[in-house]
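For reference, the structure discussed in these notes is given below.
2 protein chains.
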Amino acid sequence: MRDVAVIGVGMNRWGELWDKSLRAIFVESALAAMDDAGVDHIDAMLIGCMTSGLFTEQEHLASLLSDYLAVNPVGAVRVESACSSGGNAVRLGLIQVASGAADIVLVGGVEKMTDVDGGGATAALATAADTEYESYHGATFPALYALIARAHMERYGTTREQLASVAVKNHENGSLNPRAQFRNKLTIEDVLNSSAVADPLRLLDCSPITDGSAAVILAPVEMAKKLGKPVVKITGSGIATDSIALHSRDDLTYLKATERAAEQAYAQAGIGPKDVDFAEVHDCFTIAEICVTEALGFFERGQGARAAQAGETSRNGKRPVNASGGLKSKGHPVGATGVAQIVELTEQLRGTAGDRQLKSPRRGLAQNMGGTGGSTTVHILEVTP
Amino acid sequence: MRDVAVIGVGMNRWGELWDKSLRAIFVESALAAMDDAGVDHIDAMLIGCMTSGLFTEQEHLASLLSDYLAVNPVGAVRVESACSSGGNAVRLGLIQVASGAADIVLVGGVEKMTDVDGGGATAALATAADTEYESYHGATFPALYALIARAHMERYGTTREQLASVAVKNHENGSLNPRAQFRNKLTIEDVLNSSAVADPLRLLDCSPITDGSAAVILAPVEMAKKLGKPVVKITGSGIATDSIALHSRDDLTYLKATERAAEQAYAQAGIGPKDVDFAEVHDCFTIAEICVTEALGFFERGQGARAAQAGETSRNGKRPVNASGGLKSKGHPVGATGVAQIVELTEQLRGTAGDRQLKSPRRGLAQNMGGTGGSTTVHILEVTP
Numbered sequence: 004m005r006d007v008a009v010i011g012v013g014m015n016r017w018g019e020l021w022d023k024s025l026r027a028i029f030v031e032s033a034l035a036a037m038d039d040a041g042v043d044h045i046d047a048m049l050i051g052c053m054t055s056g057l058f059t060e061q062e063h064l065a066s067l068l069s070d071y072l073a074v075n076p077v078g079a080v081r082v083e084s085a086c087s088s089g090g091n092a093v094r095l096g097l098i099q100v101a102s103g104a105a106d107i108v109l110v111g112g113v114e115k116m117t118d119v120d121g122g123g124a125t126a127a128l129a130t131a132a133d134t135e136y137e138s139y140h141g142a143t144f145p146a147l148y149a150l151i152a153r154a155h156m157e158r159y160g161t162t163r164e165q166l167a168s169v170a171v172k173n174h175e176n177g178s179l180n181p182r183a184q185f186r187n188k189l190t191i192e193d194v195l196n197s198s199a200v201a202d203p204l205r206l207l208d209c210s211p212i213t214d215g216s217a218a219v220i221l222a223p224v225e226m227a228k229k230l231g232k233p234v235v236k237i238t239g240s241g242i243a244t245d246s247i248a249l250h251s252r253d254d255l256t257y258l259k260a261t262e263r264a265a266e267q268a269y270a271q272a273g274i275g276p277k278d279v280d281f282a283e284v285h286d287c288f289t290i291a292e293i294c295v296t297e298a299l300g301f302f303e304r305g306q307g308a309r310a311a312q313a314g315e316t317s318r319n320g321k322r323p324v325n326a327s328g329g330l331k332s333k334g335h336p337v338g339a340t341g342v343a344q345i346v347e348l349t350e351q352l353r354g355t356a357g358d359r360q361l362k363s364p365r366r367g368l369a370q371n372m373g374g375t376g377g378s379t380t381v382h383i384l385e386v387t388p
Numbered sequence: 004m005r006d007v008a009v010i011g012v013g014m015n016r017w018g019e020l021w022d023k024s025l026r027a028i029f030v031e032s033a034l035a036a037m038d039d040a041g042v043d044h045i046d047a048m049l050i051g052c053m054t055s056g057l058f059t060e061q062e063h064l065a066s067l068l069s070d071y072l073a074v075n076p077v078g079a080v081r082v083e084s085a086c087s088s089g090g091n092a093v094r095l096g097l098i099q100v101a102s103g104a105a106d107i108v109l110v111g112g113v114e115k116m117t118d119v120d121g122g123g124a125t126a127a128l129a130t131a132a133d134t135e136y137e138s139y140h141g142a143t144f145p146a147l148y149a150l151i152a153r154a155h156m157e158r159y160g161t162t163r164e165q166l167a168s169v170a171v172k173n174h175e176n177g178s179l180n181p182r183a184q185f186r187n188k189l190t191i192e193d194v195l196n197s198s199a200v201a202d203p204l205r206l207l208d209c210s211p212i213t214d215g216s217a218a219v220i221l222a223p224v225e226m227a228k229k230l231g232k233p234v235v236k237i238t239g240s241g242i243a244t245d246s247i248a249l250h251s252r253d254d255l256t257y258l259k260a261t262e263r264a265a266e267q268a269y270a271q272a273g274i275g276p277k278d279v280d281f282a283e284v285h286d287c288f289t290i291a292e293i294c295v296t297e298a299l300g301f302f303e304r305g306q307g308a309r310a311a312q313a314g315e316t317s318r319n320g321k322r323p324v325n326a327s328g329g330l331k332s333k334g335h336p337v338g339a340t341g342v343a344q345i346v347e348l349t350e351q352l353r354g355t356a357g358d359r360q361l362k363s364p365r366r367g368l369a370q371n372m373g374g375t376g377g378s379t380t381v382h383i384l385e386v387t388p
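Those protein sequences? They're chains A and B, same order as listed. Heads up: take any position in the first sequence, counting from 1, add 3, and you land on this note's numbering. Heads up: take any position in the second sequence, counting from 1, add 3, and you land on this note's numbering.
Written out as structure tokens, the structure is:
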């Protein structure tokens, strides 16, 4: 297996992109990534997208997007695993380059979520839960994560203020990100006083509905070394599944798939959680970021909320989490999120993250999950200056 | 890259499976494949499925199906490329085993299409076309393939009777297949007198709406050799895309992606079209099989219809095509079709195809395509007795 690097990244400004179609949104990021990499062709393409069928009545995305990027007959395929579709596309792209099946692979992620009304988007997203045993009975994602939050509060004494501190931190970070959907800063009071969505979660605990895309170009490290930029290598990759339905889990607060995917990625990279300088993780709700930082081994179980409130995951803290603004502030076009995490890691590792640049990070981790954690990918990236 | 074999296959009886849910349909085939392979674990899973979101309001299939097959935390992901989702899943599974990323990979395909009414299914399938430029304007798949059929008739003098001969042959074959949805035989007159769907195509030119699944287990050839069965090796794999919309093509009758995917597969296997003993191809409509056999190089362009009528693709002909009954008779649960083709090739090559067994075939080809040919995979399988 060959070592693989990220040689190009691209991402558009996320938000409610009423004047842009699904295909146009994708092409913006894909061309930016190809331009950044300095390549004029690709050998294969993978697209992370959760549900263009339900959002825009368009399936067969591989054919549509290879056509509009003008790269056909390049082999292209869409990859779906709910909100971890992007991370899964990255992993399959990585395997193609590592194996020698392809040299230059474009991994894109895209979602256009605002072409349906708010209820339609919530219903489309609910298809990431167990439809027959969860969604049909009225459970939406805010409701499912509210159950997780309530369990975490009961078990570990986590407070509403601690949950809110995650949103405050991520908006603080996102205010420095020109591509973020929401660049406004928040206070703890803003979060606590926002509309109730599903107790104990409030509107400002929830990531938004977003149109957006992201793309990365993967290639062998040997090729990356000739490009005159810092070489950003993917040193670890992990994947795991867990029960799709919350009711099948022993412990609602324990994201087993995240822990297992992280174990694989750490082992492959030859490191442990303490060696990770910064991370982009899946904060679809404030409670999610807390549970994820515990499952990744950054904190003991039950300590994630305390750590967030204490500033340990802030951009100036011991281990910055979601310096991009995370899903909460940057936005969450579901299929694009896992790819955008790799864009952020790459820019931070190259030292080109602008106003939100962290201080010389050397190793970053991306964690992307589907549903309430039924599927997860973890990637570790490392820079050679 | 390691050589890869198909060590297990499974498939359920296809049809209108009112008493079985999406997850139950999948598990039947997956367990049958694991049993056939004699394995009690898998290292990774790929699922071909076009649009469980629109058919059953269920996305996040990887998590759902790994859960119900009781294989989580195994890494699992869904692959979508409309009706070539299954073939694409096979290809990505092949790359995982060939690269050493995994040893034993389960590739499944599944679709439950009958839980929506007939119009709903046609609308869901229409998302495989270009939604903005084709489907929104009323083009459904029978209409799009009718345009292809009309162009083939105009250009090459293809007749209605020749189109009908494909359906008659495939039902003849399917009558011998205990897992086929429709086992009745047809006459040319039956096809010509069936209801008009989109001129010149009639009801019996069209593949049906089907619930069904299929699964194969892939593993290194070295492992396959120890199992005491004929070793069925995947010797060639190709993938290509083409314009998703028919109006972007130079020639409506020319399936460019099929030709290009076949070129790759032939080159990898070190063979040409003449070396293929039999094939399973994508006969979603009778005209599709005709265009595909031309693009695969089995016949000169414009000669596919004549060859079908002359019996060259019949089970006793020079090169049998769709000995399983094809999509027309066996059924077409869209995401499962490409995986089921590999099941059929494997059973024929092992000599275990029962009443429909061909005479000692040594090398078979599977061609699976999405939409009107916007994406295509081709695989070549070869047996070592």
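Beta carbons: idealized from backbone N, C-alpha and C, even for Gly.
Inter-residue distance for Arg-16 of chain B and Leu-179 of chain B is about 13 Å (C-alpha atoms, whole angstroms).
A residue is called buried once 16 or more other Cβ atoms fall within 10 Å of its Cβ, and Ala-270 of chain B, having fewer, is exposed. Straight across, the Cα-Cα distance linking Val-346 of chain B with Val-9 of chain A is about 37 Å. Excluding residues up to 5 positions away in sequence, Ala-243 lie with their Cβ nearer than 6 Å to the Cβ of Arg-263 of chain B in the same chain. Of all residues in the segment 120-135 of chain A, those with a C-beta nearer than 7 Å to a C-beta of chain B are Thr-130, Ala-131, Asp-133, Thr-134 and Glu-135, reading in chain order. Residue-level contact by beta carbon holds for Asp-245 of chain B and chain A, with a gap shorter than 9 Å. Within the segment 203-237 of chain A, no residue has a Cβ lying closer than 9 Å to any Cβ of chain B. Its Cα nearest to that of Asp-245 of chain A, the residue A:Gly-374 stands out among A:Pro-145, A:Gly-374 and A:Cys-294. Listed as beta-bridge partners of Leu-49 of chain B by DSSP are B:Val-80 and B:Val-110.
Within chain A, the residues whose beta carbon sits less than 7 Å from that of Ile-242 of chain B are Gly-78, listed in sequence order. For Arg-205 of chain B, the closest alpha carbon among the candidates B:Leu-361, B:Trp-21, B:Ala-311 and B:Arg-153 is that of B:Arg-153. Going by DSSP, Phe-144 of chain B is part of the alpha helix (DSSP H) stretching over 144-159. The beta carbons of Val-171 of chain B and Leu-189 of chain B sit closer together than 9 Å.
Between Met-4 of chain A and chain B, the shortest Cβ-Cβ separation is below 9 Å. Ranking B:Leu-258, B:Ala-127 and B:Gln-184 by CA distance to the CA of Cys-52 of chain B puts B:Ala-127 first. Under the three-state reduction of DSSP output, Met-14 of chain A falls in the strand class. For Ser-378 of chain A, the enclosing beta strand (DSSP E) begins and ends at 378-387.
As for any alpha helix (DSSP H) of minimum length 4 sitting wholly inside the segment 198-272 of chain A, the runs are 224-227 and 259-272, ordered along the chain. Lys-259 of chain A reaches chain B at Pro-76, counting residues in chain order whose Cβ is nearer than 8 Å.
Our two residues, Phe-281 of chain A and Gln-370 of chain A, have alpha carbons roughly 11 Å apart in a direct line. At the C-beta level, His-155 of chain A and Cys-294 of chain A come within 9 Å of one another. For the segment 78-92 of chain A, the set of positions with a beta-carbon nearer than 8 Å to some beta-carbon of chain B reads Gly-78, Ala-79, Val-80, Arg-81, Val-82, Glu-83, Ser-84, Ala-85 and Asn-91 in chain order. Chain B has no Cβ within less than 9 Å of the Cβ of Met-37 of chain A. When CB distances to chain B are screened at a threshold of 7 Å, the residues of the segment 44-59 of chain A falling below it are Met-53, Thr-54, Gly-56, Leu-57 and Thr-59, in chain order.
Between Val-82 of chain B and Asn-91 of chain B, the beta carbon gap of about 5 Å places them in contact (Cβ cut-off 8 Å). Cβ atoms of Glu-292 of chain A and Val-324 of chain A come within 8 Å of each other, at about 7 Å.
As computed with DSSP, Asn-371 of chain B is found in a beta bridge with B:Thr-380. In this structure Ser-216 of chain A is not in contact with Ser-55 of chain A, their Cβ atoms being roughly 12 Å apart against a cut-off of 8 Å. Under the DSSP assignment, Phe-281 of chain B falls in the beta strand (DSSP E) whose first and last residues are 281-283.
Contact fails between the segment 161-176 of chain A and the segment 84-101 of chain B, because fewer than three Cβ pairs, one in each stretch, are under 8 Å apart. If you draw a 10 Å sphere on the C-beta of Ala-272 of chain A, you find 16 or more other C-beta atoms in it, and that means buried.
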